[in-house]
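Each residue of the sequence shown is one higher than the one before, counting from 9 in this note's numbering.
Backbone N, C-alpha and C fix where the C-beta goes; we use that ideal spot for every residue, glycine too.
Working notes, beginning with the structure itself.
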Amino acid sequence: MVDIAHQAAINPASGRGAAATRALVPLASIDPGQWRALAQRVIEPNGYYLPGWELAVSEAARGRTDASALPVFDGSSALLIGLMPVVSLWRAWKIPLPALVSAHPYGTLCSPLIDRDAPIEAATRLLRLAREAGAHALVLNDVALDGAAMSSLKDVLNRDGLKPRILSSYIRASLDATQDGETLLHGALGAKKLKELRRQRHRLEEHGPVAFEVARKPDEIGLGLETFLQLEASGWKGKRGTALIQHAGDATFIRRAVSALAETAQCEVISLRAGTTPVAAGIVLRHQDRAFFFKLGIDERFARYSPGVQLTLDLTRHLCADPAITSADSTASADHPMINPIWRGRFAIGDVLIPLRRHDPVVALIHAALVGLNVAHKAARRVVRLLRK
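Here's what the structure looks like:
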């Protein structure tokens, strides 16, 4: 059963085999020039599906290598108008049913790339490709539920008498970068909290002049990245063994990805220093007019000065002062205690099951399996939290 279902989602038997081979291809086979051109035209930005990032993930990141793709071309088969990196349901969660799942790009956003000049055609062909690949359903993880990409898919599904099913959802923090930075921070935190943060910053200056730095050029970003990696590993992530630098594949991925995106001005490493000592650092991706706050690392010896918050305040001012950026996705979890009080914008993010055929009993099986998996994951997280208390 496992082998049959796994193969059905990747290389279906019978006369559809040749079509499936064309529908589902190795991610690494996508022409990077076409991919970059599509990324400039997408209806909804997603920094984690930029070629420089996602190819590095698929090449090296622990547990995320060798992704496939559904590449969507226009009627002439010459122009790439859509792209969804995918893995099988078996590869994602060891569920032996024929479905394809959005490949996880390390960041928490998997909205597919859909051409703004042909959104309905791209969405239609994307769903058709998934059917040709033998899938009975698509599972989109961490998508903006009210985003333009999901709206295009919903339009096509409604036309075909199909309805997406939301498996789980939460509300995530975002930044409206069109506002004045100081005005935004005052409105979000209030005068009393800002006064306390200024006091902490003055105390931090006792260790040396405090400076916010942005590394974005290819010849300078590598040093900034190594600073971030060391800070991340020095904190609680290092203690739990989840810091990027602690795993060879993850370290290779992030170094390749940051370097590649620096070449296209789509990544920057931000840091906060007290004198010569880095006390906080983070990685920010940029795609079209949106920024994505990937990760943050701090030196916990300076925790009393709130270095992560101090860095985020400077990042907020930095993004609000940049006319090229209109919004920023925190890519954080629900109710994140650090970012939520500062970035007061909100949007819904969720996991969505998309049926590919009407009245398909297999979709009900896939749905039930995913609901059961979600229940098991929640129970496991509760146990972990209890053990850590």
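Grab the span of the alpha helix (DSSP H) containing residue 256 for me, first residue to last.
256 to 271
Presumed contact (8 Å Cβ cut-off) between residue 350 and residue 141, rounded CB distance:
Between residue 141 and residue 350 the Cβ distance is about 42 Å, and since that is not below 8 Å, they are no contact.
Closest by CA to residue 6, which one among 92, 145, 352?
Residue 6 lies beyond the residue range present for the chain, which begins at 9 and ends at 397; the question has no answer from this structure.
Nearest CA to the CA of residue 347: which residue from 179, 56, 139?
179
For residue 144, does the three-state DSSP call read helix, strand or coil?
coil
Kindly identify the DSSP beta-bridge partner or partners of residue 285.
282
Residue 221 in three-state terms, based on DSSP:
strand
Endpoints, the beta strand (DSSP E) within which residue 412 is located
Since the displayed the chain opens at 9 and closes at 397, residue 412 lies outside it and no answer follows.
Straight-line Cα distance separating residue 340 from residue 259
21 Å
8 Å contact criterion, which residue 319 and residue 283 should meet: CB distance rounded:
About 16 Å separates the two Cβ atoms, so there is no contact after all.
What distance in whole Å lies between the Cβ atoms of residue 111 and residue 147, which are believed to be in contact at a cut-off of 8 Å?
Incorrect: roughly 11 Å between the Cβ atoms, too far for contact.
Pull up the distance between the alpha-carbon of residue 225 and that of residue 269, whole angstroms please.
10 Å
I need the DSSP call for residue 163, collapsed to helix, strand or coil.
Three-state DSSP puts residue 163 in a helix.
Can you tell me whether DSSP reads residue 201 as helix, strand or coil?
helix
Nearest by alpha-carbon distance to residue 137: which of 118, 90, 360 is it?
Ranked by how close their Cα comes to the Cα of residue 137, the residues 118, 90, 360 have 90 in first place.
Nearest-angstrom Cα separation, counted from residue 78 out to residue 312
48 Å
What are the boundary residues of the beta strand (DSSP E) that includes residue 305?
298 to 306
Three-state secondary structure (DSSP) of residue 371
helix
What are the boundary residues of the beta strand (DSSP E) that residue 183 is part of?
173 to 184
Considering Cα atoms alone, identify which of 102, 255, 231 is closest to residue 241.
255
One question on the structure: do residue 435 and residue 159 come within less than 8 Å of each other, judged by their Cβ atoms?
An answer regarding residue 435 cannot be provided, because it is not within the stretch 9 to 397 covered by the chain.
For residue 227, the three-state DSSP class (helix, strand or coil)
The answer is helix: DSSP assigns residue 227 an H, G or I state.
Contact between the region 46 to 62 and the region 112 to 123 is defined here as three or more beta-carbon pairs at a separation below 8 Å; is this criterion met?
yes
Option in 193, 216, 279, 249 with minimal Cα separation from residue 235:
Of the candidates 193, 216, 279, 249, the residue whose Cα lies closest to the Cα of residue 235 is 279.
One or two residues paired with residue 416 in a DSSP bridge:
As shown, the chain starts at 9 and ends at 397. That puts residue 416 outside it, with no answer to give.
What does the Cβ neighbour count give for residue 51, buried or exposed, with the cut at 16 atoms within 10 Å?
Buried, because 16 or more other Cβ atoms sit within 10 Å of the Cβ of residue 51.
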